[in-house]
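In the working numbering, the protein residues as written are 117 to 469.
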């Protein structure tokens, strides 16, 4: 996990070095466009009190910096930390991250860790409930489709989930808003926020109801696309196991179909499903939630990371990348542990011994 985490950070750090339009160039653009007002306008970017005196003969490696005082550019580099060589900055970043020190945002005047902690509950709520509903529906449905393979139930249910898979989550979200959030028909669900403004004044029961009332439409929008892949994965895994010799032997011994399916087939078939969990959770948490967060005005990690990339807010970009990668690696570790819980035969140390 440690080499993987370092490798991900290193590769992205190298890519960033060649990306145009960094934070210094953004401040330079403001300086050129606003003239004497640059000090007041860029105070949130760490450029407060800088002199913008021009020097017509100056040249710079930053786009748009021609004509600006080289001392001003040097001061910008110092304040943003670009006055050090790239390898020194990377090693310093790793040392800080080992202490969970992600620095401060360039444009939000807040520590990166505070921003991540503030946005994390929104993304975790969407990801957790989406995954839970998807697995609770798709696994039983996939098993039933495998048992009744080729039947009318299998055919029409496949048609329904494929249609659901073909509908983009953001388009389904717009449909739900039009139908149930006051767009054109019913005003049943709220349109924005994770909880109501008076949530702190409500009792515990009312708080729970209010929370699920707010996340109903976003979770439904994100879950619709996950049913198809997981259902078909479960079905195919069960079909593959059902036709194996050990299943025929179990049936020949007189075991009931339920005992065969859930006592023998289930454990082996679930290995494929467990293997897909880390990737599915990471995708839902950090990719699928982006547009949903925007549509339903939910200020989560997906939106924070997207805005940080657009604004070249590198502390937020790399802080979020570190958290995302670490969480993905931990999920893979949990999946590996779940392998041995489902099937104790998956133990390479014992096998090699």
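Ideal placement from N, C-alpha and C gives every residue a C-beta, glycine not left out.
- In this structure, DSSP gives residue 227 an extended state, which the three-state scheme calls strand.
- CA-to-CA, the gap between residue 137 and residue 268 works out to about 57 Å.
- The region 337-357 makes no contact with the region 315-327; the number of CB pairs closer than 8 Å stays below 3.
- Judged by beta-carbon spacing, residue 400 lies beyond the 8 Å limit of residue 277, meaning their Cβ atoms are not closer than that value.
- Between residue 219 and residue 431, the CB-CB gap stays under 8 Å.
- Secondary structure at residue 297: strand, using DSSP grouped into helix, strand and coil.
- By the Cβ-count criterion, residue 262 is buried, with 16 or more other Cβ atoms from all chains shown falling within 10 Å of its own Cβ.
- Sixteen is the threshold: when 16 or more other Cβ atoms of the shown chains lie within 10 Å of the Cβ of residue 428, as they do, the residue is buried.
- Counting every other CB atom within 10 Å of its CB across the protein chains shown gives residue 411 a total of 16 or more, marking it as buried.
- In the three-state DSSP reduction, residue 314 falls in the coil class, being neither helix nor strand.
- Going by DSSP, residue 128 is part of the alpha helix (DSSP H) stretching over 118-133.
- Across the set 358, 201, 229, 450, the C-alpha of 229 shows the shortest separation from the C-alpha of residue 439.
- Distance from residue 350 to residue 259 at the Cβ level is roughly 6 Å; contact confirmed, criterion being Cβ atoms closer than 8 Å.
- In the structure shown, residue 220 adopts extended strand secondary structure according to DSSP, grouped into three states.
- Secondary structure note for residue 356: its alpha helix (DSSP H) is the uninterrupted segment 342-358.
- Within the region 261-288, the alpha helix (DSSP H) runs of at least 4 residues that lie entirely inside it are, in chain order, 268-282.
- Between the region 384-391 and the region 351-359, the count of C-beta pairs closer than 8 Å reaches three or more; the two stretches touch.
- Within the same chain, and ignoring the five residues on either side of residue 129 in sequence, the residues whose Cβ sits closer than 7 Å to its Cβ are 206.
- Between residue 338 and residue 285, the CB-CB gap stays under 8 Å.
- Between the alpha carbons of residue 407 and residue 331 lies a distance of about 15 Å.
- About 23 Å separates the Cβ atoms of residue 121 and residue 456, ruling out a contact at the 8 Å cut-off.
- Taking the Cβ atoms as the reference, residue 242 lies roughly 18 Å from residue 296, outside the contact range of under 8 Å.
- For residue 362, the number of other beta carbons within 10 angstroms of its own is below 16, and it is reported as exposed.
- Buried is the label assigned to residue 380, since at least 16 other Cβ atoms lie within 10 Å of its Cβ.
- Residue nearest to residue 395 within the set 360, 443, 254, 417 is 443 (criterion: CA-CA distance).
- For residue 303, the pairing in a beta bridge is given by DSSP as 297.
- One thing to note: residue 139 has its Cβ no nearer than 8 Å to the Cβ of residue 213.
- If the five residues before and after residue 132 are omitted, its C-beta is found closer than 7 Å to the C-beta atoms of 430, all from its own chain and listed in chain order.
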